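Residue numbers (our numbering): 68 to 545.
Below is one structure, written out as structure tokens, with a few remarks after it.
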Amino acid sequence: MDKSNKQILTVLFLGVLMAALDIAIVGPALPAIRTAFRIDDRAVAWVFTIYVLFNLIGSPLMAKLSDRYGRRPVYMLDIALFALGSLIVALSPNFAVLLIGRAAQGLGAGGIFPVASAVIGDVFPAEKRGSALGLIGAVFGVAFVVGPIVGGILLLFGWHWLFYVNLPLAGLLLWLSSRTLPATRAPKSQPFDWAGMLILSAMLTGLTFGVSQLDTNDLLKSFFSWQVWPALLIAALLLPLFIRLEQQAADPIITPGLLETRQLRLGSLLAMGAGLGEAALVFLPALAVAAFAVSESNASFLTLAPVLAMAVGSPLAGRLLDKWGSRKVILLGTSVLTVGMFILSFFGSVFWLFIVAGVIVGAGLGSLLGAPLRYIMLAEAAPRDRAAAQSILTISMGIGQMFSGALVGTVSESQGGGVKGYSLAFLLVSFVALALVGLALGLKPQSQEKPVASKLPHKIIDNKIIEIEPIQPSALSR
């Protein structure tokens, strides 16, 4: 890896780390925020919900803007929005303003990972992309190890400092991005697909709001409540309208052709399942409390095993991608995830097997999330749709994560909670993981993977990506 690519990867790594740390350190601040604004638990949940919603909206929006206007300006816009949102949250005089700040944070963070992945596709040769994506994917494991520690220290000075801390890092990233990230050539100008973006935003809003209002204690009753079914119905009705608009748009937010290939459809379904499996880890401490009679704080430390395994597994999976291709790596990851989930479901009450299962699950998720699925999108999507393809993964994972809480929580509650309830819930996730193995079998083997961008060589001159047109035989004869 040459010096310029190392510098680019460092800037991308720090940007993704900043966004990932925010997710990990906000949790410790929630009790202080609840006390400061005198709100109840349902209200404080919107600190997460509104962030998730605008993260999902920001992903396709920022991805499309970067495909149209270049990676560097949009990446810098994402960083600036995240910093502005952090400042608004820290200075918020009331809870409504705090939610506005969280929305700005989510909007900016939504674009950071897809744009970073697209930059890797633009700059790194096909044989090095897996390793680069693996390093970026490892950020989330690092963030969830370091985040609670950083959050605990900053809380000593007040919850506001959990958001102030983003400002100096964002300033450094803006300066480094302006000097390091390459600028892509602006494509031909087309009208922006505002209608498609508005419909997609409304659809994601309905889905997020409806799922967030589900009650795991009585799923069926809550599903038919006025807070849930109208929102989900709106999301369902808007989907065919969105597809029709995208088919007619001159420059659609999400090109319909992106999901016409078997490889990309399988990648999206795998991302949804991976998101569900990842979010299921939230219930590991609850199983530990029920099985080992430990305190909630001590139970949270037991999740370090899968998180560390994810941090190690992601870069390893990236290196294997460059050697084996996506099919073998994803088959390995989904198989390992399935084994880990089955051990949790049958032997989760045995302490040492609980730890072993956590490591196996973390390794499986590390081999699935981050690099492998984004590698598929880089290989299959045309350069002009590279970031938009990454946003599809973000949305798919987000949907899986949203439904995971309702699904696992409901299954557990149906058995009265405790070891029996959580074991049954993890058994259900095991079958989801097994289904992912089946999906992975349908992926292309390495010999058939075609990195689209590598067909047209490029080089970086004055921080600009310049494509090198091949010399035609007819030109040599003149």
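The beta carbon of each residue, even a glycine, is placed where N, CA and C say it ideally should be.
All of these numbers come straight from a predicted model, not from anything done at the bench.
Simplified DSSP state of residue i, which is helix, strand or coil
i	result
alanine 250	strand
serine 71	helix
isoleucine 310	helix
tryptophan 296	helix
proline 524	Caution applies to proline 524, whose pLDDT of 41 falls short of 50 and renders its modelled position unreliable; the model cannot decide the point.
glutamine 457	helix
asparagine 233	helix
glutamine 330	helix
leucine 325	helix
tryptophan 226	coil
leucine 436	coil
isoleucine 266	helix
leucine 387	helix
glycine 472	helix
isoleucine 106	coil
glycine 485	helix
alanine 54	Because the chain spans 68 through 545 in this model, residue 54 falls outside it and cannot be assessed.
leucine 369	coil
proline 140	helix
alanine 316	coil
For residue i, the first and last residue of its enclosing alpha helix (DSSP H)
i	result
asparagine 122	113 to 136
arginine 394	393 to 414
glutamine 280	Taken as a continuous stretch (DSSP letters only), glutamine 280 belongs to no alpha helix (DSSP H), as it is neither H nor E.
glycine 509	Per DSSP, glycine 509 belongs to no alpha helix (DSSP H) and is neither H nor E.
alanine 358	351 to 359
arginine 196	193 to 222
isoleucine 320	No alpha helix (DSSP H) holds isoleucine 320; DSSP gives it neither H nor E.
phenylalanine 162	162 to 190
Cβ-based burial, residue i [other Cβ within 10 Å; buried from 16]
i	result
phenylalanine 180	buried
lysine 131	buried
alanine 86	buried
isoleucine 216	exposed
aspartate 107	exposed
glutamine 468	buried
arginine 441	buried
asparagine 365	exposed
phenylalanine 421	buried
alanine 163	exposed
asparagine 233	buried
serine 463	buried
glutamate 194	exposed
glycine 175	buried
Euclidean distance between Cα positions of residue i and residue j
i	j	result
aspartate 189	leucine 222	40 Å
arginine 311	glycine 431	37 Å
leucine 371	alanine 302	36 Å
valine 111	valine 361	26 Å
leucine 428	proline 258	Position check: residue 428 holds valine in this sequence, whereas leucine was assumed. Approximately 45 Å between the Cα atoms of the pair.
alanine 500	phenylalanine 224	42 Å
alanine 446	glutamate 516	7 Å
tryptophan 391	proline 439	11 Å
leucine 81	isoleucine 167	24 Å
threonine 450	alanine 358	The sequence given here has proline at residue 450, not threonine. Approximately 50 Å between the Cα atoms of the pair.
glycine 485	leucine 354	7 Å
glycine 219	alanine 250	39 Å
isoleucine 124	glutamine 172	12 Å
Distance cut-off 7 Å: residue i Cβ against heavy atoms of the ligand GTP
i	result
phenylalanine 350	This structure lacks the ligand GTP; in fact it carries no ligand of any kind.
> Does the region 300 to 317 come close enough to the region 331 to 338 to have 3 or more Cβ pairs within less than 8 Å?
Replying inline: No: the two stretches stay apart, fewer than three of their Cβ pairs being nearer than 8 Å.
>> Within 8 Å, do at least three Cβ pairs link the region 411 to 419 to the region 153 to 161?
In response: Taking one beta carbon from each stretch, the region 153 to 161 and the region 411 to 419 have fewer than 3 pairs nearer than 8 Å; the two do not touch.
>> Below 8 Å, how does it come out for the region 465 to 481 and the region 135 to 151: are there three or more Cβ pairs, yes or no?
In response: Not touching, per the Cβ criterion.
>> Could you check whether the region 319 to 327 touches the region 500 to 514, counting it as contact only if at least three pairs of C-beta atoms, one from each stretch, sit closer than 8 Å?
In response: Touching, no, given that fewer than three Cβ pairs across the two stretches are closer than 8 Å.
> Counting pairs of Cβ atoms below 8 Å between the region 373 to 386 and the region 200 to 207, do you hit three or more?
Replying inline: By the criterion of at least three beta-carbon pairs nearer than 8 Å, the region 373 to 386 is in contact with the region 200 to 207.
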